[in-house]
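Reading through the structure tokens given below for one structure.
Number of protein chains: 2
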Amino acid sequence: MGKQAKTAIEPTREKNYPEWYQEVIKASDMAEISPVRGCMVIKPWGYSLWENIVRVLDDMFKETGVKNAYFPLFIPISFLEKEAEHVEGFAKECAVVTHHKLEKGENGTLVPAGKLTEPLIVRPTSETIIGDSFSKWINSYRDLPVLINQWANVVRWEMRTRIFLRTSEFLWQEGHTVHATKEEAVARTKMMLDVYQKMAQEYLAIPVITGEKTESERFPGAETTTCIEAMMQDRKALQAGTSHFLGQNFAKASDIRFQSDKETEEYGWTTSWGVSTRLIGGLVMTHSDDNGIILPPRVASSHVVLLPIIRKDKDKTTVMDYTSRLASRLREKTYYDRPIRVEIDDRNIGGTRNWDWIKKGIPLRVEIGPKDIESDSVFVGRRDKDHRDKAAIQKDVFVNEICDILDEIQNTLFQKALAYKNKYTRNIDELEIFNAFFTPKNNERPEIHGGFAMSHWCGDAICEKRIKERLNVTIRCIPYNQENEAGKCIECGKESNKRVVFAKAY
Amino acid sequence: MGKQAKTAIEPTREKNYPEWYQEVIKASDMAEISPVRGCMVIKPWGYSLWENIVRVLDDMFKETGVKNAYFPLFIPISFLEKEAEHVEGFAKECAVVTHHKLEKGENGTLVPAGKLTEPLIVRPTSETIIGDSFSKWINSYRDLPVLINQWANVVRWEMRTRIFLRTSEFLWQEGHTVHATKEEAVARTKMMLDVYQKMAQEYLAIPVITGEKTESERFPGAETTTCIEAMMQDRKALQAGTSHFLGQNFAKASDIRFQSDKETEEYGWTTSWGVSTRLIGGLVMTHSDDNGIILPPRVASSHVVLLPIIRKDKDKTTVMDYTSRLASRLREKTYYDRPIRVEIDDRNIGGTRNWDWIKKGIPLRVEIGPKDIESDSVFVGRRDKDHRDKAAIQKDVFVNEICDILDEIQNTLFQKALAYKNKYTRNIDELEIFNAFFTPKNNERPEIHGGFAMSHWCGDAICEKRIKERLNVTIRCIPYNQENEAGKCIECGKESNKRVVFAKAY
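First to last, the sequence lines map onto chains D and Y.
For the first sequence, the working numbering gives the first residue as 1, with consecutive numbering after it.
For the second sequence, the working numbering gives the first residue as 507, with consecutive numbering after it.
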């Protein structure tokens, strides 16, 4: 291979990161923009990835005692209005249903008819409608805790959309719990954040920082918002999951009261927590390269594609039989509690076939030709290595070791992402360096800046606001797992005892 | 037990069937009416049943090559209008989104703002929006067949709603396929109907009749609608699933064209097929008795509840240890590819505890007290038997045989439902008997009538309409699996060569 290798994705990350992202999604065949403004179509290759994410999370939730349920898609405006900050946060961008049928209008086209007495909004999140049910379900401390999760679609009428990362409709889960004490609700908030961290790091191979949001970045109506934040390859932050301690705000708004074991009447303490199809966007932006996406094996849509190589008709039966026997053997093996997922692609379309699977990000590509069969071996390409770097492996060895190989790829992806995040995360204590860190050096690539700055902050929202206005940089979180450390606020110089994560963000 | 046994559900089926149904659902804790008109809240006990149904169907679909995907919740009116019959069928009852935000109105309350240039409807079904994607995905015969399924919520603004059976929002799956030939599309339509029949009979224990709808009962835009029809305990029919052959109607409406292997340009042949949470309503109306629901073991929310009996404090540790060890052993066993689902209920609330589980329809209730432990046995009640009919079984025998016992219950439920359906299905050849069959004898119970009449029909929509107007009876289907038989139309006396199923229906 003396030629300069071309990349499969044009433009490259280097040339134009936002366009590269769109092209990677397109080339992977995971999803596409729909004709409905801001909504996406999730195609089978993308949906299968989502199904795997759902299965892992759902099992984790259930292990903590959470049960699934389903609540209405529509929320009456009067419900939304029950919590003042909440309505403030969501009224600006929501789909409003005002009519319940269509009728022929004057010029023969269909127009809305049957006006509703109270308009409904399509749920942007379900605290208020679920709270209404909780208020009926809960009477006594014996009914607590209530631990509910819902897998659902939600709608937020975003002005600027970007596939998977910010869409008008997206798929998510929203957990909602009620507890008898503040301590228990706070502990549940942290427990679910831990679940999200585990999911991100151990399954999606995305290293994350966990911590608390500042007041200005909190979920509307929450007392505390905790989050996992990841670094994308343009060094921007992505909020990948949030877990909220809601105090008694929503319990008061929805009248969730119970009789305590001391026979007093109390309001419940609630939490809510969610992750969405945005995780897929985060996964793509973390692991993809200039040849397309790279799927982490533990959630990959599929693990391995078998590519029979048939140059002469007489070889066809031998090669196809060998291929389908290998597929059966692989499918009998278990990786992370589920059978290995195997594709067979026997299209006769030349090199395009191999590139299709590289762009789809499948962890392993296995070529099977007459010569390989003669030596009872297979020719294996790994998506975490250069596309030309393929190796012959004895078939039985490959079958026996496939789970180890997949875990090796999983680990490589995580370590690579972790190294990237660490490389572009810096402790910064001087304002001049801080400003320079977030100022792109090259105007042609405005997205390339320093990364995450770990700097001191006095706790004042005014400093936070100034930085945001000047640099479009926000405090992503006040991270957990740090020792107190005396320092000075990067903006005003006042005393501070902790560093926070500053970054540009999606 | 000398006393007259009271029933747990009031009123009984006999006294008031529709109210009995509502009460059964309520007592089972499966679902409840929501404050949003016509929408329901599916509670954990009901949702878990749905999850099991979903898992079984999803595996069956995937075995036939179908892949899951996800399409937008919203459909532009212009899309709906592409197929004339289709829009006619759905425009009358759909939720219309006209605005994308809320603003404070004159009196301080929130009012819709940000009017959309083209209103959107919330999907009542997705042929048109999915067709738009298909038209982009398909170019050549090599791209075919396309076999897609979507698990989603849909909205039809029903005027009269009944929990699970007819709700404004419901959960369902909708399969959509495109084929190069008519034959292949017709075969797929039948294949999916067979999947539904298998699901209904082998998992839900609901015997069904399969057949084709008459023209007047077809899905709007379909060439052929095939269906599974079941008999409820009030002898009414429930359409439990449909599979449509759409011909080239939707392919023409959505411009789904492909280049054939003869290099001609052709329209695709499409199918669609769906079942919904209505299946749960059908399951309840098929198997429940006057003590509540009875869950078929193969899809039951849970299989067995362990009820520790602790009368003295000193017994507590022994009984609870024995119970939790038994639970672990049962959970290690596999029933229909999944672990046995076990509940432990240690609430100290007297007889209410046992009745709660009877009303929830769990297949097995197991009492464990100090005396049972002494003899290493358990005291087992089966939901398919009288609630007083319990038996001591050696614990090891119970553990070893639990899967057989569950399958025995499954089989009993199916056989009982089949006997009921057969008992109230009659060949009727005389109009007078036909009319009497569908005329309630007792005005206080207007729902009790004859059942299914297998009668001849000439094929004329006028006869069908007359019968509907006179008796509120419709042709449920022209059943498959019947020999041609010469006869005379029950309404007009003209010649007919087949019987059809007449019934009142949900």
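Note that the Cβ used here is the ideal one computed from N, Cα and C, for glycine as well.
Ranked by how close their Cα comes to the Cα of ARG932(Y), the residues VAL1006(Y), LEU977(Y), THR513(Y) and GLN707(Y) have VAL1006(Y) in first place. Contact check for GLU633(Y) against PHE756(Y) passes: the beta carbons are separated by less than 8 Å. Under the Cβ criterion of 8 Å, ALA575(Y) is counted among the residues facing chain D. Residue burial annotation: VAL903(Y) is exposed, with fewer than 16 other C-beta atoms found within 10 angstroms of its C-beta. Out of ASP878(Y), GLY747(Y), GLU723(Y) and PRO869(Y), the CA that lies nearest to the CA of LYS704(Y) is found in GLY747(Y). For ILE256(D), the nearest beta carbon of chain Y is not closer than 8 Å to its own beta carbon. Proximity to TYR322(D) across ARG160(D), ASP356(D) and ILE373(D) peaks at ILE373(D), based on C-alpha coordinates.
From the beta-carbon of ILE42(D), the residues of chain Y found nearer than 7 Å are ALA575 and TYR576. Short of 6 Å from the beta carbon of TYR203(D), and not among the five residues preceding or following it, lie these beta carbons of its own chain, in chain order: VAL56, ARG298 and VAL299. Close partners of VAL903(Y) in chain D (Cβ separation under 7 Å) are lacking, with about 30 Å as the shortest Cβ gap. Taking the C-beta atoms as reference points, TYR480(D) is found no nearer than 8 Å to CYS403(D). Just so you know, the alpha carbons of CYS39(D) and SER554(Y) end up roughly 29 Å apart. Contiguous alpha helix (DSSP H) elements confined to the region 474 to 498 of chain D do not occur, taking only those with 4 or more residues. The beta carbon of SER807(Y) sits closer than 6 Å to those of TRP551, SER554 and LEU555, all from its chain and outside the five residues before and after it, given in chain order.
Counting C-beta atoms within 10 angstroms of its own C-beta, GLN394(D) has fewer than 16 neighbours from the protein chains shown and is therefore classed as exposed. DSSP places ILE915(Y) inside the alpha helix (DSSP H), whose first and last residues are 901 to 929. Straight through space, the alpha carbons of SER276(D) and HIS456(D) are spaced by roughly 31 Å.
MET665(Y) counts as exposed, since fewer than 16 other C-beta atoms from the protein chains shown sit within 10 angstroms of its C-beta. Take the alpha-carbon of LYS314(D) and the one of SER375(D): they are about 18 Å apart.
In the assembly as shown, ALA728(Y) is a buried residue. Its beta-carbon has 16 or more other beta-carbons within 10 Å. When the alpha-carbon of TYR141(D) is set against those of ILE256(D), HIS287(D) and ARG341(D), the nearest one is in ILE256(D). Burial check for GLN233(D): the Cβ neighbour count within 10 Å reaches 16 or more, so the residue is buried. For SER834(Y), no Cβ of chain D is located within less than 8 Å of the residue's own Cβ. Pairing PHE379(D) with MET320(D), the inter-Cα distance amounts to about 15 Å.
In this structure, the straight-line span from the alpha carbon of GLU599(Y) to that of GLU723(Y) is close to 17 Å.
By the neighbour-count definition (other C-beta atoms within 10 Å, threshold 16), PRO524(Y) is an exposed residue. Residue state for ALA759(Y) is assigned as helix, using DSSP reduced to three classes.
Going by DSSP, TRP269(D) is part of the beta strand (DSSP E) stretching over 269 to 276. For the 8 Å CB-CB criterion, PHE414(D) and ALA205(D) form a contact.
Residues VAL319, MET320, THR323, ASP346 and ILE368 of the same chain have their beta carbon placed closer than 7 Å to that of PRO308(D), with the five preceding and five following residues left out of the count. For the options LEU785(Y), CYS995(Y) and TRP643(Y), the alpha carbon positioned closest to that of ALA967(Y) is the one of CYS995(Y).
Judged by beta-carbon spacing, PHE577(Y) lies beyond the 8 Å limit of SER641(Y), meaning their Cβ atoms are not closer than that value. Residues of chain Y whose Cβ lies closer than 9 Å to the Cβ of ASP59(D) do not exist; the shortest such Cβ separation is about 12 Å. Taken in chain order, the whole beta strand (DSSP E) runs of length 3 or more contained in the region 168 to 238 of chain D are 169 to 179, 209 to 212 and 224 to 231.
HIS86(D) carries a helical assignment under DSSP once its states are collapsed to helix, strand and coil. Listed along the chain, the chain D residues whose CB falls inside 8 Å of the CB of LEU789(Y) amount to none; the nearest CB is some 17 Å away.
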